[in-house]
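J.: Numbering (this note's numbering), first residue to last: 23 to 412. Okay, here's the structure, questions in a sec.
Below, the structure is given as structure tokens:
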């Protein structure tokens, strides 16, 4: 029998979108601006690395990540954030970060914390956060991330009684879908709350290498500078956005040795390690920065294109980082359907990425637009969108 706690789950965003749009004919050539699947070139030399190590497909992979991959990851962390970690004790390779964001909850959330534990989730949010919380019997608490809060959740709105029940707080920075970046002060405030009320922070930082000007500060470096408990923060990263390799399914989690130990133990029973040829490729990709700089340059051009086309739209705010536009409309579903029927451009209603809490769905009057298509195609889509909806 399907567990009762899952009975109220909404349909996943993209099946909902198909139900909304696919019964209607597109009004022009179809242009997909929905899913955040990078389309820039990935480093083609990884094909040779995979081929050179193809015999590894005949062996079971190293569960937590081969030593060369873990060293490449910790070297990248030191280059990017100035934080020195032990490759064996502080890092585990992931088969994509979705696995880690889910299994971290399974491995680390206590069964009780002053009663039923609470899990804090920014709203809108990556849907795995909510399902992970429900899977361990915790109570998801949705904190609206709106223009008034800088598109980041305000954790200080919670009472001491509520905070005493918090076991985990998820935070995505740079944010999906709004592109907001948590400042050093913001991270410090959240880490201070976590230290005071003894909860963990799961920092989803998968978009950290796509930004306009200043590299986003990382949760691990702020925690180190504050002298926080080493087990306080777990940071999740991926090659999907950084290196345009969503199909490689290579990510990692970094954190305190006890947390990583418990996640490795769970992985022995419920995880799926990355095949060895792909681990060899991932090690090289984490070690290379040239393709990352080129990727960021291309997104920088797209930010400028979006600002030029959408700059006069009321309420438009270009993202600080990431590759989504979060555009205000009167009603997200109505706007997405109208755009599809009039132009053939597909976008995602914001309400599909958020939940109603306190009688409000903060995504209701937004659409999310992915800037992953080639520049000319993206510009064409934004012009059609602007002229149709505004």
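Even glycine gets a Cβ: it sits at the ideal position worked out from N, Cα and C.
Figure out for me which residue from 268, 125, 212 has the closest Cα to the Cα of residue 194.
T.: Here the closest residue by C-alpha is 212.
J.: Using the three-state DSSP reduction, which class does residue 390 fall into: helix, strand or coil?
T.: In the structure shown, residue 390 sits in a strand (DSSP, three-state: E or B).
J.: To which residues of the same chain is residue 338 closer than 6 Å at the C-beta, ignoring the five residues directly before and after it?
T.: Taken in chain order, the residues that qualify are 332.
J.: Given a cut-off of 8 Å on the beta-carbon distance, is the pair residue 305 and residue 72 in contact?
T.: No, these two residues do not count as a Cβ contact at 8 Å.
J.: Of the choices 78, 70, 157, 394, whose alpha-carbon is the least far from that of residue 322?
T.: Checking every option, the nearest Cα to that of residue 322 belongs to 394.
J.: Please classify residue 36: is it buried, with 16 or more other beta-carbons within 10 angstroms of its beta-carbon, or exposed?
T.: Exposed: under 16 other Cβ atoms inside 10 Å.
J.: Quick check: the region 96-116 against the region 268-278, are at least 3 beta-carbon pairs closer than 8 Å?
T.: Yes, the region 268-278 is in contact with the region 96-116.
J.: Please identify the residue among 269, 233, 285 whose C-alpha is closest to the C-alpha of residue 256.
T.: Per the Cα distances, 285.
J.: For residue 241, which of 79, 99, 47 has the nearest alpha-carbon?
T.: Out of 79, 99, 47, 99 has the C-alpha closest to the C-alpha of residue 241.
J.: Around the Cβ of residue 138, are there at least 16 other Cβ atoms within 10 angstroms (buried) or fewer (exposed)?
T.: Burial call: exposed.
J.: Roughly how many angstroms lie between the CA atoms of residue 200 and residue 144, to the nearest whole one?
T.: Cα to Cα, the separation comes out at about 11 Å.
J.: Check whether the region 82-89 and the region 245-252 touch, using three or more Cβ-Cβ pairs below 8 Å as the test.
T.: Contact between the region 82-89 and the region 245-252 is absent, because fewer than three Cβ pairs lie under 8 Å.
J.: What residues match up with residue 257 in a beta bridge as DSSP calls it?
T.: BP columns for residue 257 point to 225, 276.
J.: Comparing alpha-carbon positions, which option in 308, 366, 292, 291 lies nearest residue 264?
T.: That would be 308, whose Cα lies nearest to the Cα of residue 264.
J.: Could you have a look at residue 194 and say whether DSSP puts it in helix, strand or coil?
T.: Strand.
J.: Under 6 Å Cβ to Cβ from residue 267, same chain only, skipping five residues before and after it: list those, please.
T.: Excluding positions up to five away in sequence, the list reads 64, 261.
J.: Do residue 54 and residue 317 have their beta-carbon atoms positioned less than 8 Å apart in this structure?
T.: Not a contact, by the Cβ cut-off of 8 Å.
J.: For residue 97 and residue 106, I'd like the C-alpha separation in whole angstroms.
T.: Roughly 8 Å between the two C-alpha positions.
J.: On the three-state DSSP scale, how would you describe residue 140?
T.: Residue 140: strand per DSSP, three-state reduction.
J.: Ignore the nearest five residues each way along the sequence and tell me which others in residue 245's own chain have a CB closer than 7 Å to its CB.
T.: The answer, listed in chain order, is 213, 254, 255.
J.: Grab the span of the beta strand (DSSP E) containing residue 161 for me, first residue to last.
T.: 161-166 is the extent of the beta strand (DSSP E) around residue 161.
J.: Could you tell me if residue 391 is buried or exposed, where buried requires 16 or more neighbouring beta carbons within 10 angstroms of its beta carbon?
T.: The residue is buried, with at least 16 neighbouring Cβ atoms inside 10 Å.
J.: Of all the options 189, 147, 218, 128, which has the alpha carbon lying nearest to the alpha carbon of residue 415?
T.: Past the edges of the chain, shown from 23 to 412, lies residue 415, and the structure says nothing about it.
J.: Leaving out five residues on either side along the sequence, give the residues of the same chain with a beta carbon under 6 Å from the beta carbon of residue 122.
T.: Result list for residue 122: 116, 258, 275, in chain order.
J.: Looking at the secondary structure, which residues open and close the alpha helix (DSSP H) in which residue 350 lies?
T.: Note, residue 350: premise wrong, no alpha helix (DSSP H); beta strand (DSSP E) at 346-350.
J.: Taking the CB atoms as reference points, tell me whether residue 325 and residue 38 lie closer together than 8 Å.
T.: The answer is no: Cβ separation not under 8 Å.
J.: Return the CA-CA distance between residue 293 and residue 78, expressed in angstroms with no decimal places.
T.: Going from the Cα of residue 293 to the Cα of residue 78 covers about 19 Å.
J.: Would a C-beta distance cut-off of 8 Å place residue 185 and residue 215 closer than the cut-off?
T.: Yes; because the gap between Cβ atoms is below 8 Å, this pair is in contact.
J.: Between residue 359 and residue 196, what straight-line distance do the alpha-carbon atoms span, to the nearest angstrom?
T.: C-alpha separation (whole angstroms): 28 Å.
J.: Measuring CB atoms only, is the region 365-374 touching the region 220-234, in the sense that at least three cross pairs come out at less than 8 Å?
T.: They do not touch, by the three-pair rule.
J.: Counting C-beta neighbours from all protein chains within 10 Å, is the total for residue 290 16 or more, i.e. buried, or is it exposed?
T.: With fewer than 16 Cβ atoms within 10 Å of its Cβ, residue 290 is classed as exposed.
J.: Let me know the secondary structure DSSP gives residue 155 once reduced to three states.
T.: Of the three classes helix, strand and coil, the one that applies to residue 155 here is helix, per DSSP.
J.: Tell me, please, whether the CB atom of residue 129 is closer than 8 Å to any CB atom in chain C?
T.: Within the model displayed, chain C is absent; a lone protein chain is all it includes.
J.: So, is residue 87 buried or exposed, given that buried needs 16 or more other C-beta atoms within 10 angstroms?
T.: By the neighbour-count rule (16 or more Cβ atoms within 10 Å), residue 87 is buried.
J.: Which of the three DSSP states, helix, strand or coil, is assigned to residue 368?
T.: It is a strand residue.
J.: Leaving out five residues on either side along the sequence, give the residues of the same chain with a beta carbon under 8 Å from the beta carbon of residue 23.
T.: Note that residue 23 scores a pLDDT of 47, beneath 50, so its modelled location is shaky; the value from the coordinates is reported in the next line. If we look at residue 23 and ignore the five residues flanking it on each side, it has no Cβ neighbours.
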